[in-house]
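Reading through the structure tokens given below for one structure.
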Amino acid sequence: MKISFAKKHFIGIASVVTMLLIWKIMAIYFDSSIIVPHPEDTLITVIKLMSNAGFLKIASATIIRGLVGFIISAILGIAIGILAGINTEFNTFISPILVTIRSIPVIALILLALIWFNSGTVPIFIAMLTMFPFICTNVVEGIRSVDQDLIEMARFYRISKQKIIFEVYIPAIIPFIISGTSSAMGIGWRAIIIGEVLSQPRYGIGTSMQSAQIFLNVEAVIAWTLIAILISSVFEKIIRWCEVKMVTWK
Amino acid sequence: MGLEIKNLNKSYDGINLFRDFNLSFPEETITCILGPSGCGKTTLLNIIGKITVPDSCEFQGFDNKLFSYIFQEARLLPWKSVQGNIEFVMRSDLSASERHEQASRFIKIVNLEGFAGYYPSRLSGGMRQRVSIARAFACHSDIILMDEPLKGLDLALKQNMIRWFSEIWKADRRTVIFVTHDVDEALLFGKEIVVLSKLPAQIVAHEKIEIPAENRQLEDPFFKKLKQKLVKALDA
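In order, the protein sequence lines correspond to chains A and E.
Counted the way the working numbering counts, the first sequence spans residues 1 to 250.
Counted the way the working numbering counts, the second sequence spans residues 251 to 486.
Below is the structure:
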């Protein structure tokens, strides 16, 4: 069943209002800003944090780490994904590696990364290892889903291998790359912030959350969480915008 | 000089599809190969197009020939527009403007002017197949192979498709080899009609029609009589 745009919008707002309502009820029930602060107080803290002179440094440090991790994962994921999609032997070789990376608990990776890297690199490394398998697996799936009749047609028309890769395979896997990016980014932001909490780089949302937690400033912890959600949803919107612009043919 | 297949032998899974089979195709003509389902028509087309390797065969006149193919399904790239799909198969040594100009010319012939920027998902089945016809002609080739491209279309649309095809074909008169199991399609389309028997395939009838495709009416006594003859040959 199709829902109209206005109705969808209304249901979305209703969902947010419900969450705020539950939050408010809990805040009234516990009646302690150390356990559950009031939503309006937290909102004021968000605005205060965002208008603070150091905010841009903190937020941009996390965003840059996320983007660096994403770019490395995307390059590796797309290249290895294409190879694995085209070559069955390589896919058999790479599959256990991907499964292993996916199965390693994030905390184990962080603990090891803390030993291996400096505090600023740890979140990037974690982001990369959590995002890369998603992108890679989606690219493999994309390549596998390419209509073989189209490949046969291209070969029959004597189209070069290079042109087949760039004009048949790559456009066919773009929707899969976008969907992989969306899942990877969702998990990636969480991993970066966990990495920052534990590695404590000089600037970072995770670092600020940890500092707030030490001083039992629950308002600030939740406020930074809301800022992290906001950043994640902005990137999700950017991904959806790219999808609309790049996959115009569906 | 015509094109000839001599002593074609091909078996698949122990089944003899062709045994010492011979067939010649006049150049610059539409030859229609008619046969019951499963008689090896598509295999024959694939052998001619060098997709399938025969057990043994002597090809005459096929050296250095380039092929275009019109498949049962249009096989268009969904992410390319009508124009893009046609330009995709064109020679890479042509400049972008030459490609654009030639593709536009073929789009016009198949009556799809105004749809050049449309993606295949926005076109009807008949329109997509017209793009595939335009693509086959836009590709630099000597022979066009067609594998039941009108399958599943209703008679009125078939007649229109044949009209568009004839229109585009008249411009450069490429050699066309067309396989079908539908007698009406063969009558509407072929200048030469070759009827194949059940396996192992043998030629059981060979007819010529001089009436131009655009003037053919299946209700005419000539076509009615010819249809009876072809149906009888098919059932033999």
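All C-beta atoms, glycine included, are put in the ideal place defined by N, C-alpha and C.
| Check | Outcome |
| --- | --- |
| Closest residue to Met-131/A among Leu-114/A, Ile-104/A, Lys-245/A, Ser-119/A (Cα-Cα distance) | Ile-104/A |
| Inter-residue Cα distance where the pair is Pro-328/E and Met-185/A | 28 Å |
| Buried or exposed (CB count within 10 angstroms, at least 16 for buried), Asp-397/E | buried |
| Neighbour flag for Pro-450/E against chain A, beta carbons, 7 Å | no |
| Cβ-based neighbour list, Ala-27/A, same chain, cut-off 6 Å, excluding 5 preceding and 5 following | Val-36, His-38 |
| Under 7 Å between C-beta atoms of Gly-85/A and Arg-144/A | yes |
| Cβ-Cβ distance between Phe-93/A and Leu-83/A below 7 Å | no |
| Backbone CA spacing between Asn-296/E and Thr-302/E [nearest angstrom] | 5 Å |
| Minimum length 4: unbroken alpha helix (DSSP H) runs contained in the stretch 99-133 of chain A | 106-116 |
| Rounded separation between Arg-190/A and Leu-49/A - CA only | 20 Å |
| Every unbroken alpha helix (DSSP H) inside the stretch 10-59 of chain A [4 residues or more] | 39-51 |
| Straight-line gap, Ile-126/A to Val-106/A (C-alpha atoms, nearest Å) | 7 Å |
| Buried versus exposed, by CB contacts within 10 Å (16 or more), Lys-474/E | exposed |
| C-alpha distance - Gln-467/E paired with Cys-307/E, whole-angstrom precision | 38 Å |
| Contacts around Ile-359/E, its chain only, beta-carbon distance under 6 Å, and the 5 residues preceding and following it disregarded | Glu-417, Ile-418 |
| 7 Å CB neighbourhood of Leu-326/E in its chain, flanking five on each side removed | Asn-335, Pro-370, Arg-378, Val-381, Ser-382 |
| Neighbourhood of Asn-272/E by C-beta distance below 6 Å, restricted to the same chain and skipping five residues each side | Lys-256 |
| Residues sharing a beta bridge with Val-426/E, DSSP | Ile-280/E, Ile-394/E |
| Pairwise C-alpha distance: Arg-385/E and Gln-148/A | 19 Å |
| Glu-278/E and Thr-425/E closer than 7 Å at C-beta | yes |
| Beta-carbon proximity check, Phe-176/A vs Gly-142/A, cutoff 7 Å | yes |
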